[in-house]
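Everything below concerns the one structure shown next.
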Amino acid sequence: MPNLAELPAPPNGKKGWPWTETLPIGLSPFPPESPWPKISIITPSLNQAAFLEQTIRSVLLQGYPDIEYIIIDGGSTDQSLPIIKKYEKWLAYWISEPDQGQSQAVNKGIQRAHGDILAWLNSDDYYLPGTLHVIAEQFLLHPQAGAWAGGGRQIDAETGKVLWERLPPLLGFEDILNWDRYYLPQPSCFLNRKLLGPRLFLNEQYHMQMDFDLWLRVSRDHVMLPIPKILSVNHRHGRAKTARTDLLYRALAEKWTICLEQAGPEATAIQIEKYLSADIALIQKFRSLTQNPMIKFFIYFIKRLSKKLFLRSET
Numbered sequence: 012m013p014n015l016a017e018l019p020a021p022p023n024g025k026k027g028w029p030w031t032e033t034l035p036i037g038l039s040p041f042p043p044e045s046p047w048p049k050i051s052i053i054t055p056s057l058n059q060a061a062f063l064e065q066t067i068r069s070v071l072l073q074g075y076p077d078i079e080y081i082i083i084d085g086g087s088t089d090q091s092l093p094i095i096k097k098y099e100k101w102l103a104y105w106i107s108e109p110d111q112g113q114s115q116a117v118n119k120g121i122q123r124a125h126g127d128i129l130a131w132l133n134s135d136d137y138y139l140p141g142t143l144h145v146i147a148e149q150f151l152l153h154p155q156a157g158a159w160a161g162g163g164r165q166i167d168a169e170t171g172k173v174l175w176e177r178l179p180p181l182l183g184f185e186d187i188l189n190w191d192r193y194y195l196p197q198p199s200c201f202l203n204r205k206l207l208g209p210r211l212f213l214n215e216q217y218h219m220q221m222d223f224d225l226w227l228r229v230s231r232d233h234v235m236l237p238i239p240k241i242l243s244v245n246h247r248h249g250r251a252k253t254a255r256t257d258l259l260y261r262a263l264a265e266k267w268t269i270c271l272e273q274a275g276p277e278a279t280a281i282q283i284e285k286y287l288s289a290d291i292a293l294i295q296k297f298r299s300l301t302q303n304p305m306i307k308f309f310i311y312f313i314k315r316l317s318k319k320l321f322l323r324s325e326t
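For the record, in the sequence shown the residue sitting at position 144 is 155 according to this note's numbering, with numbers rising by one throughout.
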């Protein structure tokens with residue numbers, strides 16, 4: 012992997028990590044002769060030129076000796092392709108072509124990946140210094156774990172203000188299923204590719220909660236180890252899927268569908284009854300959304316469905 016001097020100069024005005032700073036004092040690159048595991052990183056992207064270069068540099072400047080970096084672009088029409096081409100000599104593979112969404116893009120990358128450890132890093136997120144060192148050490152200490160998850164930080168994309176920092180909770184199947192308490196920062200999650208094999212692939216019918224589906228599948232049969240350290244940063248901005256109110260109802264529908272598939276109708280009924288009020292309260296913050304007749308019907312339908320499932324679980 013390159014050092015800071017070998018990379019293209021950062022855009023004007025960009026300072027700090029990963030623009031003008033490299034690994035902090037006390038965290039030096041691993042010697043090349045060390046038997047560190049290969050780590051495959053996949054970045055799915057579509058029209059995220061505003062953040063993409065920061066994402067790329069945060070991977071390349073990890074100082075880690077065995078990175079396989081793959082970028083799957085969905086046919087961007089902004090300045091994403093010139094940015095990718097600036098760094099293509101350090102990429103294992105990249106392509107730009109239309110796809111069916113983020114899940115399919117990640118799966119394309121998984122098909123190309125050869126690492127012992129695998130992760131995907133969205134093009135509006137970035138790693139903090141030393142993240143891959145931490146994960147490699149965890150792999151060597153706990154090679155039978157199915158996944159490792161560190162903490163995450165969210166910042167405002169315009170101001171840079173830190174909005175929150177969260178460390179991962181307990182990561183058993185039941186813990187993740189209780190999604191009101193569960194928060195697993197996806198950019199800080201790394202998967203044991205050697206152990207999981209084809210079970211790593213995302214379910215492409217899900218576009219909002221595919222990571223929730225994957226964590227449940229992994230945690231059912233394997234240990235997921237929490238790491239009490241912030242490993243990544245994601246940007247809060249208007250174009251992010253998680254910030255779009257028009258996609259909020261879809262995220263809820265996917266989450267409940269996944270719960271039904273993974274845990275069955277009885278567990279789903281309990282979960283919906285227990286947490287429905289909190290989810291609806293969240294939706295009701297967005298007046299324009301809740302006044303939509305389709306959304307009103309969706310809320311009514313979910314309430315009726317949960318009552319029927321709950322009654323069925325009691326019989």
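Glycine residues also receive a C-beta, built at the ideal position from the N, C-alpha and C atoms.
Computed from a prediction, not measured in an experiment: that's the story for all the values here.
Grab the span of the beta strand (DSSP E) containing residue 201 for me, first residue to last.
What you label residue 201 is simply residue 190 of the sequence shown in a count that begins at 1. Taken as a continuous stretch (DSSP letters only), the beta strand (DSSP E) holding residue 201 covers 200-203.
State buried or exposed for residue 16, treating a residue as buried only when at least 16 other CB atoms are found within 10 Å of its CB.
Reading the sequence shown from its first residue, position 5 is the one you call residue 16. Exposed, by the Cβ-count rule.
So what's residue 79 in DSSP terms, helix, strand or just coil?
Position 68 of the sequence shown, counted from the first residue, corresponds to residue 79. Note: residue 79 maps to strand in three-state DSSP.
If you draw a straight line from the alpha carbon of residue 231 to that of residue 134, how long is it in whole angstroms?
Along the sequence shown, read from residue 1 onward, the residue named residue 231 stands at position 220. Along the sequence shown, read from residue 1 onward, the residue named residue 134 stands at position 123. Roughly 29 angstroms separates the two Cα atoms.
Can you say whether residue 226 is buried or exposed, counting buried as having 16 or more other CB atoms within 10 angstroms of its CB?
Counted from its first residue, the sequence shown places residue 226 at position 215. With 16 or more Cβ atoms within 10 Å of its Cβ, residue 226 is classed as buried.
Please work out which residues of its chain come closer than 8 angstroms, Cβ to Cβ, to residue 298, disregarding the five sequence neighbours upstream and downstream, and give them in chain order.
Here the question's residue 298 lines up with position 287 in the sequence shown. Its pLDDT being 49, under 50, residue 298 is placed unreliably by the model, and the measurement read from it follows with that caveat. Within the same chain, residue 298 has no close Cβ partners at all.
Strand pairing of residue 246, partner residues [DSSP]:
If you number the sequence shown from 1, residue 246 lands on position 235. The partner list for residue 246 (beta bridge, DSSP) reads 166.
Under 8 angstroms by Cβ, that's how I've got residue 126 and residue 56 pegged, so tell me the actual separation to the nearest angstrom.
Start at 1 with the first residue of the sequence shown, and residue 126 comes out as number 115. Start at 1 with the first residue of the sequence shown, and residue 56 comes out as number 45. In fact, because the Cβ distance is near 19 angstroms, the residues do not count as touching under 8 angstroms.
Can you name, in chain order, every residue of its own chain whose Cβ lies under 8 angstroms from the Cβ of residue 157, other than the five neighbours on each side?
Along the sequence shown, read from residue 1 onward, the residue named residue 157 stands at position 146. These residues qualify, in order along the chain: 202, 203, 206, 207, 229, 230, 232, 233, 234 and 235.
Going straight from the alpha carbon of residue 301 to that of residue 281, what length do you get?
By 1-based counting over the sequence shown, the position of residue 301 is 290. By 1-based counting over the sequence shown, the position of residue 281 is 270. Annotation note: pLDDT 49 at residue 301 (below 50); position unreliable, coordinate value reported separately. If I take the Cα positions, the gap works out to 24 angstroms.
Mind checking residue 90: buried by the 16 CB within 10 Å criterion, or exposed?
The residue given as residue 90 occupies position 79 in the sequence shown. With fewer than 16 other Cβ atoms within 10 Å, it is exposed.
Alpha-carbon to alpha-carbon, residue 277 and residue 172
Here residue 172 refers to the residue found at position 161 of the sequence shown. Here residue 277 refers to the residue found at position 266 of the sequence shown. Cα to Cα, residue 172 sits roughly 42 angstroms from residue 277.
Could you compute how far the alpha carbon of residue 153 sits from the alpha carbon of residue 67?
Working through the sequence shown from its first residue, we reach residue 153 at position 142. Working through the sequence shown from its first residue, we reach residue 67 at position 56. When rounded, the distance between both Cα atoms is 28 angstroms.
Give me the residue from 70, 12 and 48 with the minimum Cα distance to residue 28.
One-based indexing of the sequence shown puts residue 28 at position 17. Selected option, being the one with the closest Cα: 70.
Kindly indicate which residue of 267, 114 and 130 has the alpha-carbon position closest to the one of residue 216.
The sequence position of residue 216 within the sequence shown is 205, counting from 1. The option with the nearest alpha carbon to residue 216 is 114.
With burial defined as no fewer than 16 other Cβ atoms inside 10 Å of the residue's Cβ, what is the status of residue 142: buried or exposed?
Along the sequence shown, one-based indexing puts residue 142 at 131. Residue 142 is buried by the Cβ-count criterion.
Drop a sphere of 10 angstroms on the beta-carbon of residue 79, count the other beta-carbons inside from all chains shown, and report buried for 16 or more, exposed for fewer.
In the sequence shown, counting from the first residue as 1, residue 79 sits at position 68. So residue 79 ends up on the buried side.
Considering residue 210, what are the terminal residues of the beta strand (DSSP E) in which it resides?
Taking the first residue of the sequence shown as position 1, residue 210 is located at position 199. First-last for residue 210: undefined, no H or E at that position.
Any beta carbon from chain B within less than 8 angstroms of residue 246's own beta carbon?
In the structure shown, chain B cannot be found, because there is only a single protein chain.
Would residue 20 be called buried (16 or more neighbouring beta carbons within 10 Å of its own) or exposed?
Against the sequence shown, residue 20 aligns to sequence position 9. Exposed is the call here.
When DSSP builds the beta bridges, which residues end up paired with residue 173?
Position 162 of the sequence shown, counted from the start, is the residue given in the question as residue 173. Per DSSP, 166.
Look up residue 267 in the DSSP assignment and say whether it is helix, strand or coil.
Along the sequence shown, read from residue 1 onward, the residue named residue 267 stands at position 256. DSSP places residue 267 in helix when its eight states are reduced to three.
Cutoff 7 angstroms; reference residue 138; Cβ partners in own chain excluding five residues on either side
Residue 138 sits at position 127 when you count from the first residue of the sequence shown. Closer than 7 angstroms at the Cβ level, and outside the excluded window around residue 138, lie 69, 70, 73, 132, 242 and 243.
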